[in-house]
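Structure, as structure tokens:
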Amino acid sequence: MNINVYMEHKNEYKKTVYLIAIISALGGLLFGLDQGFIALSLNTVEKVYAINTSEAEAYTSILALGGVFGTISSGFTNKLIGRRNSLVLAGFIFTSMSLISGLLPSFEILKIARFFLGFAVGIASFSVPLYLAETAPKEIRGKMGTMFQLMITVGIFVIALANYIISEIIKNAELSLTIMFVFLLIFSVLMFVSCLFLPKSPRWLLSRGQTDEARNVLSKIWHTKKAIRREIKEFKITSNKTINEPLYKLICDKFFLKVLFLGVVIQMFQQLVGINFIIYYAPTTLGYAGLTGAFSLLILYFINMVFTFPAIKLTDKWGRKKLLYMGSIVMMVSMLSSALAFYMLNKLLGIESSETIFFRYLLLASFSIYIMAFAVSWGPVAWIICSEIFPFRSKEVGMTITTMVNWTFVGVVSFTSLSVMKLFGNFASPLMFAGFCFLSIIFLKFFVPETKGISLEEIENNLLSGCKLRDIGETKNN
Ligand code: BGC
């Protein structure tokens, strides 16, 4: 976009748009709270319910299964009841499931409740980026996308810290677990209630012909009537193309399939590089290495949160692809060095020497550097690219499928990584993830476009004019 146009638009939108963004991104916070819940509560869950490793893995990974179903359903709810009401629905499910879990029901019911918490996370992970993209002025859409990831990382850190403090102070496991769920409940209620005050997505309203209500919402975002008229005109041009397009036609479209391949593999790699091996299981795996897991985990989650901040600027300054390259390379090296540390610690088992201490610190340092690299690259960028590459008319279908793939691979990773360590040795899982980081570099080279600084319309035009995937982000004027 031309700089003058940017400056012109910059003064046109109201600051309230940031408030709208923060409230809607509370869905990201709930995403993070549920993702981060398990790590420092699993011990307490194991104590209260007397479960073994595979039951613990099942309890952990059922969140992802719920996420898959939640995503599928959110494709429909977002069309039928809209983005805002889908967020309200997610808030309601979060609230009721946290309440049920807090009552410490049987283990089966607790698992079902976690499935539905995942279901709500699935709805949120679909609806928040979509709502933000449709409501935020395009000049700050990139920033807003990273806001979603930032909220996820804040949620992960906050819940881990809370669960750590609760389990340290309250030694009665049942009471401790109840309070952990009450903490989750407080945030769920906050999200549920505040989402009721969010305006509906103007684009969704326009697609249903509710122009007056859309104008009303737009007047909360833009200062001038001229800007509101321009927005409505732009929305109408794009939404006109969307209405009445049958689903089968969208799905069979060769350009859609091409870009779907890109989105699916990006989301697959976002998980296969192994982030949730660390997010879910670091206390356990660091424990295998003789480190006190809880404190180290809090450091890791803190790093995850802090290193998402630079991503807010860098995604637009350095570009998406550069960040992804850097992330993959650094994550690969960190996973290799943690595999080495696990291997050596296993050899030195039972011996307390300076060598043991060295490899413990090597492991912690490797995990920390890995998290820094993920937070600034694959964490936000995978979500951002998936919200940019689909033509407007197939955005909902495309994002449903790619988000679903993400959750499927959260499940695959969380369900298998501890077992792989048990079966082949502790070094095996990090080695496997290093392999996936390497494959992701090859994928980046051949398929991933740079989408920084190009309008969504240009991306769409490039795609439809038959450009190679890795070139669809290139501006024709340069
Ligand atoms: C991923 C999650 C991950 C989180 C960590 C998100 O982008 O989708 O699976 O747990 O980042 O910060």
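With the numbering used here applied, the sequence shown corresponds to residues 237 to 714, in that order. Ideal Cβ positions, reconstructed from N, Cα and C, are used throughout, including at glycine.
Between the CA atoms of residue j and residue i - distance to the nearest angstrom
| i | j | result |
| --- | --- | --- |
| F674 | Y484 | 36 Å |
| F679 | T296 | 30 Å |
| F312 | R596 | 48 Å |
| N722 | G634 | Any question about residue 722 goes unanswered here, given that the chain covers just 237 to 714. |
| A609 | Y561 | 10 Å |
| P365 | L266 | 14 Å |
| F491 | G709 | 15 Å |
| L332 | M427 | Looking at the sequence shown, residue 332 is not Leu but Ser. Roughly 12 Å separates the two Cα atoms. |
| S443 | T307 | 21 Å |
| E470 | F423 | 36 Å |
| N540 | T389 | 6 Å |
| L335 | E404 | 23 Å |
| M571 | L527 | 18 Å |
| S412 | V542 | 28 Å |
| E244 | E693 | Below a pLDDT of 50, predicted positions are generally treated as unreliable, and E244, at 47, falls in that range; the measurement from the model is reported next regardless. About 20 Å. |
| G272 | F355 | 16 Å |
| T414 | E632 | 38 Å |
Residues near residue i by beta carbon distance below 7 Å, same chain, minus five either side
| i | result |
| --- | --- |
| N240 | With a pLDDT of 44 at N240, under the threshold of 50, the modelled position of this residue cannot be trusted, and the question is left open. |
| Q507 | N642, F645, V646, V649 |
| N714 | Any reading at N714 is ruled out, since the residue's pLDDT is 46, under 50, leaving its predicted position unreliable. |
Where the alpha helix (DSSP H) through residue i begins and ends
| i | result |
| --- | --- |
| R320 | 318-338 |
| W614 | 614-624 |
| Y561 | 556-583 |
| G647 | 631-660 |
| E344 | 343-371 |
| C673 | 664-683 |
| C703 | Counting along the chain, C703 falls outside any alpha helix (DSSP H), and DSSP gives it neither H nor E. |
| G526 | Run containing G526: none; DSSP gives neither H nor E here. |
| S430 | 409-432 |
| A547 | 545-553 |
| D270 | 262-273 |
| K456 | 447-457 |
| T280 | 278-285 |
| V495 | 490-508 |
| S403 | 377-405 |
| R444 | Premise fails: R444 is in no alpha helix (DSSP H) and is neither H nor E. |
Expected contact under 8 Å - CB spacing of residue i and residue j to nearest Å
| i | j | result |
| --- | --- | --- |
| K456 | T252 | 6 Å |
| G264 | G391 | 7 Å |
| W458 | Y249 | 6 Å |
| T382 | T551 | 6 Å |
| L368 | A463 | In fact, because the Cβ distance is near 19 Å, the residues do not count as touching under 8 Å. |
| L323 | C431 | 5 Å |
| L434 | R320 | 5 Å |
Proximal residues to residue i (C-beta, below 8 Å), its chain only, five neighbours per side dropped
| i | result |
| --- | --- |
| G702 | none |
| E293 | S650, F651, L654, S655 |
| V501 | F679, F683 |
With 16 other Cβ atoms within 10 Å as the buried cut-off, status of residue i
| i | result |
| --- | --- |
| A261 | buried |
| S590 | exposed |
| D448 | exposed |
| G303 | buried |
| S630 | buried |
| V429 | exposed |
| E467 | buried |
| E370 | buried |
| S665 | buried |
| N408 | exposed |
| F626 | buried |
| I695 | buried |
| F669 | buried |
Cβ-based neighbour list, residue i, same chain, cut-off 6 Å, excluding 5 preceding and 5 following
| i | result |
| --- | --- |
| Y285 | F343 |
| L386 | T544 |
| R350 | I298, L299 |
| Y524 | N662 |
| M416 | S277, N399, I402 |
| V357 | F267, D270, G303 |
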